[in-house]
Structures are given as structure tokens and as C-alpha cells.
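Engineer: Handing you this structure, nothing more for now.
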Amino acid sequence: MSSILTNNSAMSALQSLTLTQKNLEGVQSQVSTGLRVADASDNAAYWSIATSMRSDTGALSAVSDALNLGASTLSIATSALNSTITIMNKMKADIVTAQTPGTDKVQIQTDITALQSSLRSITASASFNGVNLLNGTASNTNIVSSFSRGTDGTTSVGTIAVSTANITLTSATSASGILSAGITAATVGGASVTLNGSVTGTGGSGTDGTSYDANSILGFALTSSSTSSDIAVIQASIDTILTKITAAGASLGGLKTNVDLQTTFVSALTDAITSGVGSLVDADMNVASTKLQALQTQQQLGVQSLSIANQNSQMILKLFNG
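Here it is in C-alpha cells:
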């Protein structure tokens, strides 16, 4: 039946063209944004997961920054310990020389005084971003090391604890560090020997306010009357201190290795999350480009089909003009 009021062919062609245009808009959006799921209306479940995971990658980026900051702090402390060991070895050589008969202990002390000053300077400057692990001001330092999300959606932050109890060279509150503690006794030749008045030091504080004892490695001073027994005590103390500093360096090295491993893991985890999110929401550009060309062709055919359907009503006029 032909009707001038209802054009079923045109309505069908219009519906087909509208659907084609809607699909075309969706594919064009994928091509322009690169996303198959750009908002919640595209796929609510995938969009929700992707949004949470993108938030987590931002947090992991902050964790990576914190790990790099912690690694730098540990590296500064390790470098300071290595320099301290070098200076302590030089001081040990001076002490051995001071035990040689006929040497001028006062002149040797001149060199030792310079070394003591260097030790205090190294400890004071072993700071990164205001954190100094060697002068007792950062007793319980934690390095942010991880970020995780539980199955219930709750998040948590993990840390690596850095204990400075056994690596403190000087203390800002008391003369209790490895270098600043007083030399009170040492075993020399099987006997316990303590410093007597022949080694007269001047205790005080370093440029950073750290304290040291007058009879510490940082404060002792040889005089012309210093006895061999006292000098032997200092030598034994230097050996003990070197052992402690070496242990401190090993401890920091272990922490640095832990931080480096965690940094590598966080980087790999970030890449894995990014890849996972991409598999959920990224558009396959090969498929999208193919669909785009097909839909553009369908759109052209739909326009032609609608034009033909609209011409059907005009054919009725010929019946009246015949």
C-alpha cells in the first residue's frame, strides 16, 4: 500500500542511518582518544577498575620517588662511612708512628688534629634533604617502600625501617657515638689499660652541635709526655672503631640493596598495572580503523537509501498527472 502520510521505507532507512551514525561516533571517539572505554557509560565495570588502578599507579610513582630519596640518603651515609674509614686508617698510621722511639708526638698530633677535624666535618655534612643518619638526629627513620590495595578496597603503605643505633658516629645529645664516646679502657697485651693524664684532650661539640668526649677519638691530644701504654690504648680503640664502622657500612649496604630491589619491583609493578589497565580500556586501533572505514561506507549508503525512500512519495504524483 502506498501512503502519503506514512513512509515505512523512509522510517526504516532513517533508523538504519541513525544507528550507523551512532556507531560511527563511537568508533571515531576510539580513534581520537585511543580508548575503547573512555567513561563509565562505555563499560561501567572496566571503567571503575581502570580508574582505581590509575590512582594506584600515581601512588606507586610517589613510592618510587620516596625510594629514590631513601637510596640517596643511604648513599650519602655510606660515602661518609667510607671516608671515615680512610681517615681512621691514616690516624692509625700516625698512632703507630707515635710509638716509635724518638718521634715528636706534638708534631704528630698536628696531623691528628687535622684528621679529627675532618671526621667531625664528614659526620656533620653527611646529610641529604635534611636527614643525617650518622649524627643521631634521625633515630628511627622509615623509607616508604610499597603501596598495596586489599580485596576490600582498603589501601596501605609499607616501609623499610632504618635503625641508626649502631651507625651513629656522633650524637647531638651526648658523647655516645662510635667516634665521640670516650676511650675509657682497652685490652693491650692481655691487660686492661685506661688513659691517664699523659693524653690530654679537649672535649666539646662539632660544628653541627654534636658532642664528643675529651678522651674520644675526636678529642684526644698527644703530648710530649704521652706514654706508650696510653698510645697503645688509642691504637686498640681505633681498631675497635674501625670494626664498628665496617659493620655499620655493611648494615647500610644491606639496606641499600633492599631499597634498590624494592625500587626495581615498584617499577615492574607500575608497568604491569599500566599494561593491565590498557588491556581493559585501550582501543585496538587496527580494528577501530577498519570499522571506521566500513561505517563511513554504511553512512553513505544509508543516506542514499533514505533519499530513495523519500522519492517514493513523489511517484504518487505521476498517478494524478497521467
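Residue numbers (my numbering): 11 to 332. Ideal Cβ placement from N, Cα and C applies to all residues, glycine included. These numbers were taken from a predicted model, which means no experiment stands behind them.
For Thr274, tell me which candidate among Thr300, Asp66 and Val73 has the shortest Cα-Cα distance.
Structural biologist: Taking only the C-alpha atoms, the option nearest Thr274 is Val73.
Engineer: Going by the beta-carbon positions, is the gap between Lys266 and Ala81 smaller than 8 Å?
Structural biologist: Contact flag set, yes.
Engineer: Which residue comes first and which comes last in the alpha helix (DSSP H) that contains Thr96?
Structural biologist: Start and end: Ala54 to Ala108.
Engineer: Do Gln309 and Thr67 have their beta-carbon atoms positioned less than 8 Å apart in this structure?
Structural biologist: In this structure, Gln309 does not lie closer than 8 Å to Thr67 by Cβ.
Engineer: Cβ atoms of Val141 and Thr83: under 8 Å apart, would you say?
Structural biologist: Contact: yes.
Engineer: Could you tell me the boundaries of the alpha helix (DSSP H) in which Ser234 lies?
Structural biologist: Ser234 -> no alpha helix (DSSP H), and no H or E assigned at all.
Engineer: Check Asp49 in the structure and name its three-state DSSP category.
Structural biologist: Reduced to three states, the DSSP call for Asp49 is coil.
Engineer: If you draw a straight line from the alpha carbon of Gln40 to that of Met295, how long is it in whole angstroms?
Structural biologist: Each residue's Cα considered, the two are about 8 Å apart.
Engineer: Starting from the C-beta of Leu24, find all residues in its chain whose C-beta is less than 7 Å away, skip the five residues before and the five after it, and write them out in chain order.
Structural biologist: Cβ neighbours of Leu24 beyond the five flanking positions: Leu316.
Engineer: Can you name the start and end residues of the beta strand (DSSP E) that Asn18 belongs to?
Structural biologist: Unbroken run through Asn18 is the alpha helix (DSSP H), Asn18 to Thr43; no beta strand (DSSP E).
Engineer: Check whether the Cβ atoms of Gly264 and Asn92 lie closer than 8 Å to each other.
Structural biologist: The answer is no: Cβ separation not under 8 Å.
Engineer: Would Thr147 be called buried (16 or more neighbouring beta carbons within 10 Å of its own) or exposed?
Structural biologist: When all chains shown are included, Thr147 counts as buried.
Engineer: Taking 7 Å as the cut-off, does the CB of Ile118 come closer than this to any heavy atom belonging to the ligand SAM?
Structural biologist: The model on display carries no ligand, and the ligand SAM is accordingly not part of it.
Engineer: Compute the distance between the beta-carbons of Ile255 and Phe230, then report whether it is under 8 Å.
Structural biologist: It is not a contact, given that the beta carbons lie outside the stated cut-off.
Engineer: How far does the beta strand (DSSP E) with Ser173 in it extend, from its first residue to its last?
Structural biologist: Thr165 to Ser173 is the span of the beta strand (DSSP E), which, as asked, contains Ser173.
Engineer: Nearest CA to the CA of Gly36: which residue from Thr169, Ala298 and Val313?
Structural biologist: The shortest Cα separation from Gly36 among Thr169, Ala298 and Val313 belongs to Ala298.
Engineer: CA-CA distance, Thr284 and Asn152?
Structural biologist: So the alpha carbons of these two residues sit roughly 28 Å apart.
Engineer: Suppose you measure from the CA of Ala185 to the CA of Ala76; what does that come to, to the nearest Å?
Structural biologist: Computed Cα separation, rounded: 32 Å.
Engineer: Opposite Asn150 in the DSSP bridges: which residues?
Structural biologist: DSSP, once it has assigned bridges, lists Ser173 as partnering Asn150.
Engineer: Quick check on Gln321: does DSSP put it in helix, strand or coil?
Structural biologist: Helix at Gln321.
Engineer: Looking at the secondary structure, which residues open and close the alpha helix (DSSP H) in which Asp121 lies?
Structural biologist: Unbroken alpha helix (DSSP H) run through Asp121: Lys115 to Ser135.
Engineer: Sort out for me which residues DSSP pairs Ser181 with in a bridge.
Structural biologist: Ser181 pairs with Ser221.
Engineer: Are the CB atoms of Ser221 and Ser190 nearer to each other than 8 Å?
Structural biologist: Closer than 8 Å, so yes.
Engineer: Per DSSP, what kind of secondary structure is Asn142 in: helix, strand or coil?
Structural biologist: Strand, per DSSP.
Engineer: Kindly identify the DSSP beta-bridge partner or partners of Asp292.
Structural biologist: According to DSSP, Asp292 bridges with Leu45.
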